[in-house]
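The sequence shown begins at -16 in our numbering and counts up by one.
What follows is one structure encoded as C-alpha cells, with my remarks underneath.
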Amino acid sequence: MCTHSDVDEYGFKRESDFDYQSYENIMSSYLTVLTTRSMRWQKFLQSADMQKNRSKLKRFVRKGVPGSLREEVWMITSGAKDLQQQEPNLYQTLLTYEFDQEISDQIKLDLPRTFPDNIHFEQYHLSLYNVLIAFAHHNRTVGYCQGLNYIAGLLLLVTKNEVSSFWLLKVVVENIVPLYHTKTMDNLITDIDVLGELIRQRAPDVHRHIFDLGLPWPVIATKWFICLYAEVVPTETVLRIWDCLFLEGNKILLRVGLTIVVRLRQDLLATDDISTLIGLFRSLEKSQVLMDCHEFLKSIFKVPGNLRRSQLDAMRQRFYSERMANKSKGS
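Okay, here's the thing in C-alpha cells:
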C-alpha cells in the first residue's frame, strides 16, 4: 500500500511526476539534522549568545532554523521584534483606517491566486487581506504590488500569526529589499543587473549561452527577487533561504541566484532554444539540486566565493548610474 502523501509539510500539492524516492532519500538524512539542530537551537535561544555572539548566530542560522522556532528566530534576527516593541499597537491601528478601494479590490483579486495549490491556504485569505491592506496603509509609497501576496502568504503559513507576518513583511520590504516593490523598482532592476554581471564573471559560458538564446536576465530573475524565491524553488528551500535573508540581508538573494545558475550549468548549456531554457527556469521547484535544501544552502556560501558588500555596492552604484544616464539621454 502506498504511503506517499500528495501534499508537502506545508500543504502544497505535489505534482503527479513528483520524485518520491529521491525526496525520501534526501529527507531521511535531513530530518536527522533537523532533530539535532532543534535541540541545539532550544539551548541557544535561552543563552546570552543569541544576542551577543553574531558569528555563532550566523553559523546556527546557516545550518537551518527548526520550523517550530522560525517565527521567534525571524522576529529577532530581522529586527522586527524590536520595531514592534516600539509601536506595539501599530498593526491593530492600521486595520481601523478607511481603506483605499482600488488597493482593496486588487488585493481581493489576488487572494484566490495566492497558493491555490495549498490545501490549507483558503483559511488564511482574511489574514492575508488584513496583512496586505495594513501594510498598504502603512507604506503608501509601496502600497500593494503583486509579489507581496506570496511573501505575506508564506509568512502566514509559517508563523500562523497576522501581527508577526505584518512586521516581518514591513522589515523585508522597507529594510532588507528596499525599492524592490515600488513603482520604479529601482533596486530590483539594479540587483538583476548585478546578478547578470556576477554570472558573466563566474560562469561566462552560461552567461554567453543565455545571451545567445536571447533570454534577458529580467525575464529570468524578476520573480526570483520580487517574491524572494517563493513560488520559484521548493518550499523548504525557500524557508532556508529566508532564514539567512532575515539575518544577513539582500546579498543572500544574489548568492542564491548565482548558485542556481552554476549548479545547473550543464542543464542550462544543454538547452538549444529559448522555450526550453524558459521551461528549465520555470521548473526549479522540481530540481533535485534545489530539493536538497541542506546541501543547496551549504553551496550558496561556497559556490559564489567571497561576495564583499563593498564590491556589490560599487556594482550597484555603477549600474544605477548607467541606467539613469541612459534614461536622461532618452528623455
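For each residue, glycine too, the CB sits at the ideal point set by N, CA and C.
Since this is a predicted model, take the numbers as computed values, not measurements.
Self-check item: 7 Å Cβ cutoff met for Leu162 and Asp169
Solution: Taking the sequence shown and counting its residues from 1, the one referred to as residue 162 is at position 179. Taking the sequence shown and counting its residues from 1, the one referred to as residue 169 is at position 186. Their beta carbons are under 7 Å apart, which means Leu162 touches Asp169 by this criterion.
Exercise. Please look up how many angstroms separate the CB atoms of Ala117 and Leu77, rounded, as I've assumed it's under 8 Å.
Key: For this step, residue 117 is matched to residue 134 along the sequence shown. For this step, residue 77 is matched to residue 94 along the sequence shown. About 4 Å separates the two Cβ atoms, so the contact holds.
Quiz item: Between the segment 180 to 191 and the segment 222 to 236, are three or more C-beta pairs nearer than 8 Å?
Solution: no
Quiz item: Where do the ends of the alpha helix (DSSP H) carrying Cys227 lie?
Solution: As a position in the sequence shown, residue 227 is number 244, starting the count at 1. Run containing Cys227: Thr218 to Glu231, per the alpha helix (DSSP H) assignment.
Quiz item: Can you give the Cα-Cα distance for Leu260 and Pro201, rounded to whole angstroms?
Solution: One-based indexing of the sequence shown puts residue 260 at position 277. One-based indexing of the sequence shown puts residue 201 at position 218. Distance between the alpha carbons of Leu260 and Pro201 is about 14 Å.
Quiz prompt | Beta-carbon proximity of Val(-10) to Arg53, cut-off 7 Å | solution = As a first step, residue -10 is located in the sequence shown; it is residue number 7 there, counting from the start. As a first step, residue 53 is located in the sequence shown; it is residue number 70 there, counting from the start. Contact: no.
Quiz item: When DSSP builds the beta bridges, which residues end up paired with Asn101?
Solution: Reading the sequence shown from its first residue, position 118 is the one you call residue 101. Phe(-5).
Quiz prompt | Alpha-carbon to alpha-carbon, Thr18 and Gly47 | solution = As a working mapping, residue 47 is identified with position 64 in the sequence shown. As a working mapping, residue 18 is identified with position 35 in the sequence shown. Near 11 Å, if we compare the C-alpha coordinates of Thr18 and Gly47.
Quiz item: For Ala119 versus Tyr127, is the C-beta spacing smaller than 7 Å?
Solution: Against the sequence shown, residue 119 aligns to sequence position 136. Against the sequence shown, residue 127 aligns to sequence position 144. Contact: yes.
Self-check item: Continuous alpha helix (DSSP H) stretch holding Pro187: start and end
Solution: Against the sequence shown, residue 187 aligns to sequence position 204. Run containing Pro187: Pro187 to Leu196, per the alpha helix (DSSP H) assignment.
Practice problem: Take Ile257 as the anchor and find which of Glu145, Ile193 and Glu278 has the nearest alpha-carbon. | Solution: On the sequence shown, residue 257 is found 274 positions in, with the first residue counted as 1. Out of Glu145, Ile193 and Glu278, Ile193 has the C-alpha closest to the C-alpha of Ile257.
Practice problem: Give the range of the alpha helix (DSSP H) segment to which Arg238 is assigned. | Solution: Locating residue 238 in the sequence shown gives position 255, where the first residue counts as 1. Its alpha helix (DSSP H) spans residues Lys234 to Arg246.
Quiz item: Arg20 to His108, Cα distance in whole Å?
Solution: On the sequence shown, residue 20 is found 37 positions in, with the first residue counted as 1. On the sequence shown, residue 108 is found 125 positions in, with the first residue counted as 1. Going from the Cα of Arg20 to the Cα of His108 covers about 33 Å.
Practice problem: Thinking Val189 and Leu251 are a contact (beta carbons under 8 Å), I'd like their distance in whole angstroms, please. | Solution: Working through the sequence shown from its first residue, we reach residue 189 at position 206. Working through the sequence shown from its first residue, we reach residue 251 at position 268. So it is a contact: roughly 5 Å between Cβ atoms.
Quiz item: Which residue or residues does DSSP assign as beta-bridge partners of Val272?
Solution: Taking the sequence shown and counting its residues from 1, one reaches residue 272 at position 289. DSSP lists no partner for Val272.
Self-check item: One or two residues paired with Val125 in a DSSP bridge
Solution: Numbered from its first residue, the sequence shown carries residue 125 at position 142. Looking at the DSSP assignment, Val125 forms no beta bridge with any residue, so it has no partner.
Quiz item: Taking three-plus beta-carbon pairs below 8 Å as touching, is the segment 92 to 99 in contact with the segment 66 to 80?
Solution: no
Self-check item: Outcome for His164 when other beta-carbon atoms lying within 10 angstroms are tallied against a minimum of 16
Solution: In the sequence shown, counting from the first residue as 1, residue 164 sits at position 181. His164 should be labelled buried.
Self-check item: CA-to-CA distance, Asp65 to Glu81, given in whole angstroms
Solution: Position 98 of the sequence shown, counted from the start, is the residue given in the question as residue 81. Position 82 of the sequence shown, counted from the start, is the residue given in the question as residue 65. Using only the alpha carbons, I get a separation of about 27 Å.
Quiz prompt | N- and C-terminal bounds of the alpha helix (DSSP H) containing Tyr133 | solution = Along the sequence shown, read from residue 1 onward, the residue named residue 133 stands at position 150. Leu131 to Thr142 is the span of the alpha helix (DSSP H), which, as asked, contains Tyr133.
Quiz item: According to DSSP, what are the bridge partners of Val(-10)?
Solution: Here residue -10 refers to the residue found at position 7 when the sequence shown is read from its first residue. According to DSSP, which records beta bridges pairwise, Val(-10) is partnered with Lys(-4).
Practice problem: Report all residues from its chain with a CB closer than 8 Å to the CB of Leu28; omit the five preceding and five following residues, and keep chain order. | Solution: Counted from its first residue, the sequence shown places residue 28 at position 45. Only Leu52, Glu55 and Val56 meet the Cβ criterion.
Quiz item: What's the gap between the Cα of Thr242 and the Cα of Leu295?
Solution: Taking the sequence shown and counting its residues from 1, the one referred to as residue 242 is at position 259. Taking the sequence shown and counting its residues from 1, the one referred to as residue 295 is at position 312. The alpha-carbon atoms of Thr242 and Leu295 are separated by roughly 16 Å.
Quiz prompt | Residue of Leu111, Gly50, Asp174 and Ala213 minimising C-alpha distance to Val16 | solution = Position 33 of the sequence shown, counting from 1, holds the residue named residue 16. Per the Cα distances, Gly50.
Self-check item: Other residues of its chain near Cys(-15): CB distance less than 8 Å, five sequence neighbours each side excluded
Solution: Start at 1 with the first residue of the sequence shown, and residue -15 comes out as number 2. No answer about Cys(-15) holds up, because its pLDDT of 47 lies below 50 and its placement is not dependable.
Quiz item: Short check: CB of His103 to CB of Gly240, under 7 Å?
Solution: Residue mapping note: residue 103 aligns to position 120 of the sequence shown, counting from 1. Residue mapping note: residue 240 aligns to position 257 of the sequence shown, counting from 1. Not in contact: His103 and Gly240 (Cβ atoms no closer than 7 Å).
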